[in-house]
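Under our numbering, the first residue of the sequence shown is numbered 243, with each subsequent residue one higher.
For glycine and all other residues, C-beta sits at the position ideal for the given N, C-alpha and C.
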Amino acid sequence: MNTQDEIKYQEALKRVKKIKGFYTHAIVYVFVNIMIVFLNVKNLDPGESYFQFKNFMTAFFWGIGLVAHGLSVFVPNWIMGQNWEERKIKEFMEKEKANKWE
């Protein structure tokens with residue numbers, strides 16, 4: 243493979259790892275919250291409703307983190323623009339080069 247193909251391959255590999263990380267996060271989120279529901283239902287007093295905020299705090303706040311993770315994986319160009327990372331790297335390299343010669 244030539245250099246350009248290798249760069250594209252590494253970028254694709256990085257993207258796949260990010261997506262895989264998100265899916266792993268989502269699966270763990272679902273299983274842990276199902277387990278929490280079963281534990282909470284088991285400890286309810288007779289006649290007590292399960293639908294209370296305290297029973298959903300973990301799912302709610304962890305869900306916010308999961309949404310943020312999903313946005314960072316699937317919508318990075320929406321916030322920073324297309325090729326933001328590459329532009330920023332070039333900017334830092336140019337600044338470093340300029341400082342080196344001063």
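Using only alpha-carbon positions, find the residue among the options that is nearest to residue i.
i	options	result
I278	D287, F298 and V309	F298
L262	E327, F316 and D287	Checking the displayed sequence, the identity of residue 262 turns out to be Lys instead of Leu. Among E327, F316 and D287, the Cα nearest to that of K262 belongs to F316.
H267	R329, A310 and K332	A310
E253	F280, E328 and F293	E328
L313	T245, K260 and I249	K260
Return helix, strand or coil for residue i, following the three-state DSSP convention.
i	result
Q252	helix
F273	helix
E333	helix
G289	coil
N244	coil
From what residue to what residue does the alpha helix (DSSP H) around residue i run?
i	result
K313	Note on residue identity: the sequence assigns Leu, not Lys, to residue 313. M299 to F316 is the span of the alpha helix (DSSP H), which, as asked, contains L313.
So, under 8 Å CB-CB, residue i and residue j are touching, yes? Tell me the CB distance rounded to an integer number of Å.
i	j	result
L308	Y271	5 Å
N341	A301	Between A301 and N341 the Cβ distance is about 48 Å, and since that is not below 8 Å, they are no contact.
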